[in-house]
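Trainee: Okay, here's the structure, questions in a sec.
Residue numbers (our numbering): 19 to 413.
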């Protein structure tokens, strides 16, 4: 059975490796998150906001032309149609309600592609709470539209200038902030990473994705279980949500798609399942890209949300045990897939999501299979990148 244990481990991955200063915060979360989130008043407010504010349920769309092209049956779980344009809002709604019940008055977050930053800024504006978002300087430049959205929503965006100036470094800065402000601050982590209970907590908030997939698929096909679920994985929150209600159903094939960058062996990659080894990053034991002496290897991907040197401990466990399979997709293949989806279905996906669609070109499946792809975000934020490569892929 795939489930987190009382110490926060999925098999040999997970746990809470934290500085002493953060121990009270993590203990407070561990002690209270399940009790609070299981309260009827919390559940009622969470579900009401998902319905009336986020716009859930998100549609499960049968992509007819895409299905005809690949000669199978492909459904798209349309998380791109959520308020703010991605799945990230599911988690931030849950965590802001939790933070309020814990008496926190200040919110910090990290972001790579900017969608989690926007989602955090959105719920802070909704609830009237101070918001500070850390973002790598490189990501601030390549995700400029989302930076402007965060600022318009009232958030302060603080650049991270260390390391590769991307998601890993933004996370480092957010953790430093939390260490310095442990009493009044809640850290809304955007993915299934970090110390326990974050990976489990974020997965639970995102599990609404597969919860809806079950009844939506039954309405369309007569059965709740697809044959294959495909989702992109950086830290892996959209994948955790899409996989969640199928984790213990062995008949459902789970496919985690990560970023190969310029190629797995190019030195410019984020293919953690291939290049990673067991280690600790940002408070949990997982698979991460590192040198023999434990120094983090800087990841690379054209997609800001996938250039993380590790993966969440749940995904590390799924891949290590063979419950999920990992596929690595290059920048060029993701770009090609994004242009193709745009032309064949009229949907411009986020660059992160484009990696998941590219997996259809390399994996094996049957004509009768029912395949669900988690369309985790829309491509507005990536238009500058798409335009830059337009001449190469327009045909």
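Backbone N, C-alpha and C fix where the C-beta goes; we use that ideal spot for every residue, glycine too.
Tell me the DSSP secondary structure of residue 28 in three-state form.
Mentor: Of the three classes helix, strand and coil, the one that applies to residue 28 here is strand, per DSSP.
Trainee: How about the stretch 110 to 126 and the stretch 51 to 63: do they share at least three Cβ pairs that are nearer than 8 angstroms?
Mentor: Result yes; three or more Cβ-Cβ pairs closer than 8 angstroms.
Trainee: Return helix, strand or coil for residue 342, following the three-state DSSP convention.
Mentor: Residue 342: strand per DSSP, three-state reduction.
Trainee: From the DSSP output, which residues share a beta bridge with residue 204?
Mentor: Paired residues: 125.
Trainee: Tell whether a beta-carbon distance below 7 angstroms holds between residue 145 and residue 193.
Mentor: No, they are not a contact pair.
Trainee: Please report how far the alpha carbon of residue 371 lies from the alpha carbon of residue 209, in whole angstroms.
Mentor: Near 15 angstroms, if we compare the C-alpha coordinates of residue 209 and residue 371.
Trainee: In angstroms, rounded to a whole number, what distance separates the CA positions of residue 274 and residue 238?
Mentor: If I take the Cα positions, the gap works out to 24 angstroms.
Trainee: Under 7 angstroms, do residue 393 and residue 94 count as touching if we go by C-beta distance?
Mentor: Yes, these two residues count as a Cβ contact at 7 angstroms.
Trainee: For the beta strand (DSSP E) containing residue 302, list its first residue and its last residue.
Mentor: Run containing residue 302: 302 to 306, per the beta strand (DSSP E) assignment.
Trainee: Below 7 angstroms between beta carbons: does that hold for residue 322 and residue 178?
Mentor: Result no, Cβ atoms of residue 322 and residue 178 do not sit closer than 7 angstroms.
Trainee: Evaluate contact between the stretch 262 to 270 and the stretch 288 to 298, counting only Cβ atoms and requiring at least three cross-stretch pairs below 8 angstroms.
Mentor: Touching, no.
Trainee: Taking all protein chains shown into account, do 16 or more other C-beta atoms lie within 10 angstroms of the C-beta of residue 383, making it buried, or fewer, making it exposed?
Mentor: Buried, by the Cβ-count rule.
Trainee: Here's the rule I'm using: 16 or more other beta-carbon atoms within 10 Å means buried, otherwise exposed. How should residue 346 be labelled?
Mentor: With 16 or more other Cβ atoms within 10 Å, it is buried.
Trainee: Return the residue from the list 243, 217, 218 that minimises the CA-CA distance to residue 229.
Mentor: Among 243, 217, 218, the Cα nearest to that of residue 229 belongs to 243.
Trainee: Tell me whether the stretch 328 to 338 and the stretch 302 to 318 touch, counting them as touching only if at least three CB pairs, one residue from each stretch, are closer than 8 angstroms.
Mentor: Enough Cβ pairs lie closer than 8 angstroms, so yes.
Trainee: Any idea if residue 41 is buried or exposed, counting beta-carbon neighbours within 10 angstroms, 16 or more meaning buried?
Mentor: Exposed.
Trainee: What residue does the beta strand (DSSP E) around residue 43 start on, and which one ends it?
Mentor: First-last for residue 43: 41 to 55, but that is the alpha helix (DSSP H), not the beta strand (DSSP E).
Trainee: With a threshold of 6 angstroms on Cβ separation, who are the neighbours of residue 207 within its own chain once the five nearest residues in sequence on each side are excluded?
Mentor: Here the set comprises 216.
Trainee: Grab me the residues of residue 37's own chain with a C-beta within less than 7 angstroms of its C-beta, minus the 5 sequence neighbours each way, in chain order.
Mentor: Cβ neighbours of residue 37 beyond the five flanking positions: 197.
Trainee: Going by C-alpha to C-alpha distance, which of 170, 397, 336, 125 sits closest to residue 151?
Mentor: Minimum Cα distance to residue 151 is reached at 125.
Trainee: Under 7 angstroms, Cβ to Cβ, is there at least one residue of chain D near residue 360?
Mentor: Among the chains in the structure shown there is no chain D, since it carries only a single protein chain.
Trainee: Run the CB neighbour count on residue 340, radius 10 Å, all protein chains shown included, and call it buried at 16 or more, exposed below.
Mentor: Exposed.
Trainee: Do you know offhand how far residue 473's Cα is from residue 110's?
Mentor: With the chain represented from 19 up to 413, any question about residue 473 goes unanswered, as that position is not in the structure.
Trainee: Which first and last residues belong to the beta strand (DSSP E) in which residue 78 is found?
Mentor: It spans 78 to 80 - the beta strand (DSSP E) in which residue 78 sits, taken as one unbroken run.
Trainee: Distance, Cα to Cα, residue 279 vs residue 269?
Mentor: The alpha-carbon atoms of residue 279 and residue 269 are separated by roughly 31 angstroms.
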